[in-house]
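Residue 17 is where the sequence shown starts when you use this note's numbering, and the numbers rise one by one after that.
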Amino acid sequence: FQQNCFGPKCRTGVLVGGKVEDAGPDPDCYVEFCKSEEGINSNACNNGHIRLFNVNESESLGPYMARYLGAKFYRGEQYYLQIDSHSEFVHAWDEKLIKMVEDA
């Protein structure tokens, strides 16, 4: 959740699920974030700024279904970005991205 967007108009969706056969279960990123300093300071776990959807590993249908389910987080926001968990962000990434879209 580093450099996440927590402005008054920003929402974050978390789709948890899937399985890697030769690895143990992943930590619950939602729980870990909500316990973190950033999670506590942002109050995002309590104010509706994070939308959470859990998929049981045995019911996971792969990346295509995950993308489809992730798209269900959209609630009419002016801007919508879907990424996977292997992304890193620079400071103020959301403002920079919006400016690039508006400048295009």
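All residues carry an ideal CB built from backbone N, CA and C; glycine is no exception.
- Between residue 87 and residue 98 the beta-carbon gap is near 7 Å, inside 8 Å, which marks them as a contact.
- The beta carbon of residue 104 sits closer than 6 Å to no other beta carbon from its chain once the five residues preceding and following it are set aside.
- For residue 85, the enclosing alpha helix (DSSP H) covers residues 79-87.
- The beta carbons of residue 68 and residue 95 sit no closer together than 7 Å.
- For residue 57, the enclosing alpha helix (DSSP H) covers residues 53-58.
- Shown here, residue 69 sits in a strand according to DSSP, grouped into three states.
- DSSP places residue 119 inside the alpha helix (DSSP H), whose first and last residues are 109-119.
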